[in-house]
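Following full-length UniProt numbering, the numbering of the sequence shown begins with 1 at its first residue and continues without gaps.
Working notes, beginning with the structure itself.
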Amino acid sequence: MPMSAVRTAGPDHPAAEIRPGVFRPDWSSVNSPAARDALAGRMAARSGLLEAWAHPLSRDEDQVWQSVLRLYAEQGCPPLPGDIAATTGIAEGPVRAVLQSLQFRDLLGLEPATETIRYAYPFSQSATGHRVFLRGRSLNALCAIDALGAGAMYGMDVEIESSCRACGEPVRVATTSEGRKVPSATPSEAVVWYDFAYEGGAAASCCRTTAFFCSHGHLRRWLTGRSQRHDGLALTLNEALEVAGAIFGPIFSEPVRPGNARV
């Protein structure tokens, strides 16, 4: 793997190479101009985080990260270091050290001074108002984009229950095509506000205001009523799904060697 994990997938398309030939976000999966603008805004706001990706994930980091997310979905809650050790074959002591490294890259968050997982994007142990139903389990997603990205990450359809951040009315979304399409939603005019704020990690900043809204009108009303200006973009559900798929879709992708051969 190259010395630096930060790459450009095209003009103004920065991405991190998480494993050989696998880039995150996956710009090739994004077609709409609004979704591309949203990803560009995301990456610009996180320019400081790219420094944490000056080096790619080590083999142990990659194994532990994937194990955390697989076990999270299977168990319906964050796995313990012992669970991760049993799954990966990595001793529990090194697993604890790797979890700290993954927190530095803002891939998950730990309870202060411990190795207990509080959240691992897209999921949180705390109630967030965004519920994702998959594999018969109900999980808290950190934000609207994370909720939409869960299906693409696991390659399965999901149901999402949330609410309009402006009025509190329910917003329900169901995906098809293994999490890659939204044929309908309730209400049908529902949109997503994708916030670019980034400070101290996504969970502490943009995730708090990246939300569903009943309509563009309710989103405008919410933005107008905010005490401070927010940088971000309004997205249709399909545009938001493209953004979410680009971010979460590559997480379990197999490494790719030159010539497009899977490792």
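Every residue gets a Cβ at the ideal spot worked out from N, C-alpha and C, and that includes glycine.
Remember, it's a predicted structure, so these values are computed and weren't measured experimentally.
Only counting the same chain, and skipping five residues up and downstream in sequence, which positions put a Cβ closer than 7 Å to that of T128? Locating residue 128 in the sequence shown gives position 128, counting from the first residue. N140, A141 and L142, listed in sequence order.
Tell me the residue span of the alpha helix (DSSP H) that contains V68. Reading the sequence shown from its first residue, position 68 is the one you call residue 68. That run of the alpha helix (DSSP H) goes R59 to Q75.
Nearest-angstrom Cα separation, counted from G217 out to L57: As a first step, residue 57 is located in the sequence shown; it is residue number 57 there, counting from the start. As a first step, residue 217 is located in the sequence shown; it is residue number 217 there, counting from the start. So the two alpha carbons sit approximately 42 Å from each other.
Taking a contact to mean a Cβ-Cβ separation below 8 Å, would you say G151 touches I247 in this structure? Numbered from 1 along the sequence shown, position 151 holds the residue referred to as residue 151. Numbered from 1 along the sequence shown, position 247 holds the residue referred to as residue 247. I247 is positioned such that its CB atom lies no closer than 8 Å to that of G151.
Kindly indicate which residue of A34, P81, S162 and P25 has the alpha-carbon position closest to the one of R46. In the sequence shown, residue 46 corresponds to position 46, counting from 1. Checked all of A34, P81, S162 and P25; the closest Cα to R46 is P25.
Straight-line gap, V256 to R220 (C-alpha atoms, nearest Å): To locate residue 256, count along the sequence shown from 1; it is residue 256. To locate residue 220, count along the sequence shown from 1; it is residue 220. Rounded to whole angstroms, V256 and R220 show a C-alpha spacing of 43 Å.
Under the three-state DSSP convention, the category S4 falls into: The count along the sequence shown starts at 1 and reaches residue 4 at position 4. Its pLDDT being 41, under 50, S4 is placed unreliably in this model, and the coordinates cannot settle the point.
When the Cα of G245 is compared with those of W27, F104 and E17, which residue comes out closest? On the sequence shown, position 245 is the one that residue 245 refers to. Minimum Cα-Cα distance from G245 among the listed residues W27, F104 and E17 corresponds to W27.
In whole angstroms, what is the alpha-carbon distance linking E254 and V22? Position 254 of the sequence shown, counted from the start, is the residue given in the question as residue 254. Position 22 of the sequence shown, counted from the start, is the residue given in the question as residue 22. Straight-line measurement puts the Cα of V22 at about 8 Å from the Cα of E254.
Could you give the distance in angstroms between the alpha-carbon of G225 and the alpha-carbon of R165? As a position in the sequence shown, residue 225 is number 225, starting the count at 1. As a position in the sequence shown, residue 165 is number 165, starting the count at 1. Cα-Cα distance, rounded: 12 Å.
Quick check for students: name the residue ranges of the beta strand (DSSP E) that lie wholly in the region 90-150, counting only runs of 3 or more. Listed in chain order, the complete beta strand (DSSP E) runs (minimum 3 residues) inside the region 90-150 are 108-110, 117-120, 131-134 and 137-141.
State the DSSP-derived secondary structure class of A86, mapped to helix, strand or coil. In the sequence shown, residue 86 corresponds to position 86, counting from 1. Correct three-state label for A86: helix.
Does Y194 come out as helix, strand or coil in the three-state DSSP assignment? Along the sequence shown, read from residue 1 onward, the residue named residue 194 stands at position 194. Y194 falls in the strand class under three-state DSSP.
Start and end residues, beta strand (DSSP E) containing R36: On the sequence shown, residue 36 is found 36 positions in, with the first residue counted as 1. Secondary structure note for R36: it is in no beta strand (DSSP E), and the uninterrupted alpha helix (DSSP H) holding it is P33 to A45.
DSSP on R257, reduced to helix/strand/coil? For the purposes of this step, residue 257 is taken as the residue at position 257 of the sequence shown. Here R257 carries a strand assignment [DSSP, helix/strand/coil].
Specify the secondary structure class of residue 272 as computed by DSSP and reduced to three states. Because the chain in this structure spans residues 1 to 263, residue 272 falls outside the shown range and cannot be described.
Can you grab the Cα-Cα spacing for the pair A91 / D60, in whole Å? As a working mapping, residue 91 is identified with position 91 in the sequence shown. As a working mapping, residue 60 is identified with position 60 in the sequence shown. Within the model, the alpha-carbon separation for A91 versus D60 is close to 11 Å.
Could you tell me the distance, in whole angstroms, from the CA atom of E199 to the CA atom of D231? Within the sequence shown, numbered from 1, the residue matching residue 199 stands at position 199. Within the sequence shown, numbered from 1, the residue matching residue 231 stands at position 231. Cα to Cα, the separation comes out at about 13 Å.
Would you give the residue range spanned by the beta strand (DSSP E) that L233 belongs to? Taking the first residue of the sequence shown as position 1, residue 233 is located at position 233. Run containing L233: G232 to T236, per the beta strand (DSSP E) assignment.
Quick check: the Cα distance between M43 and G109, rounded to an integer number of angstroms? Locating residue 43 in the sequence shown gives position 43, where the first residue counts as 1. Locating residue 109 in the sequence shown gives position 109, where the first residue counts as 1. Rounded to the nearest whole angstrom, the CA to CA distance from M43 to G109 is 20 Å.
Take T116 as the anchor and find which of F213, V68 and D37 has the nearest alpha-carbon. For the purposes of this step, residue 116 is taken as residue 116 along the sequence shown, with counting starting at 1. Comparing alpha carbon positions, the residue from F213, V68 and D37 closest to T116 is V68.
S28, DSSP secondary structure in three states: For the purposes of this step, residue 28 is taken as residue 28 along the sequence shown, with counting starting at 1. It is helical.
Given E17 as reference, the closest of W53, G155 and N31 once Cα atoms are compared: For the purposes of this step, residue 17 is identified with residue 17 of the sequence shown, where counting begins at 1. The shortest Cα separation from E17 among W53, G155 and N31 belongs to W53.
Given Y154 as reference, the closest of S32, V192, P250 and A234 once Cα atoms are compared: Taking the sequence shown and counting its residues from 1, the one referred to as residue 154 is at position 154. Among S32, V192, P250 and A234, the Cα nearest to that of Y154 is on P250.
Give the DSSP-derived three-state secondary structure of P81 in the structure shown. Mapped onto the sequence shown, residue 81 falls at position 81. Three-state result, P81: helix.
Leaving out the 5 sequence neighbours to the left and right, which residues in its chain are closer than 8 Å to Q63 when beta-carbon positions are compared? As a position in the sequence shown, residue 63 is number 63, starting the count at 1. Contacts found: T88 and I90.
In terms of DSSP beta bridges, what is T176 paired with? For the purposes of this step, residue 176 is taken as residue 176 along the sequence shown, with counting starting at 1. T176 is bridged by DSSP to K181.
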